[in-house]
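K.L.:
In this note's numbering, each number is its position in the sequence shown, counted from 1, plus 396. The C-beta atom is built at its ideal place from N, Cα and C for all residues, glycine as well. Just so you know, these numbers come straight off a predicted model, no measurement behind them.
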Amino acid sequence: MNPFDMYKTKKKREVDPNAPPRPNLLSHEKVLKDTKVTLEQLQQQNLLLQQRIDTLESKMIRQTQYLQALHQTIAGRKNG
């Protein structure tokens, strides 16, 4: 065995041009961070939409009560 074999440079393997790109941990971390930001935005949007639904439901209930009272008043005048 030749003592200088350990200093030889290794031959690089050929890269398959059709192979998908190798994974990159930095880009993977970026994708995770983007996903987290998107998820937080969607949660915030959900909260805002839920508040709007609650507001509109209470408005509809008040209008329904008002119309029922108005209807009863009009019906009472017709009977009286």
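1) With DSSP run on the structure shown, which of helix, strand or coil describes residue 410?
2) Please return the same chain residues whose Cβ sits closer than 7 Å to the Cβ of residue 438, not counting the five positions on each side in sequence.
3) Assuming residue 475 is part of the alpha helix (DSSP H), what are its boundary residues?
4) Give the straight-line distance between the Cα atoms of residue 399 and residue 406, rounded to the nearest whole angstrom.
P.N.:
So, from the data block:
1) coil
2) Excluding positions up to five away in sequence, the list is empty.
3) Residues 421–475.
4) 16 Å
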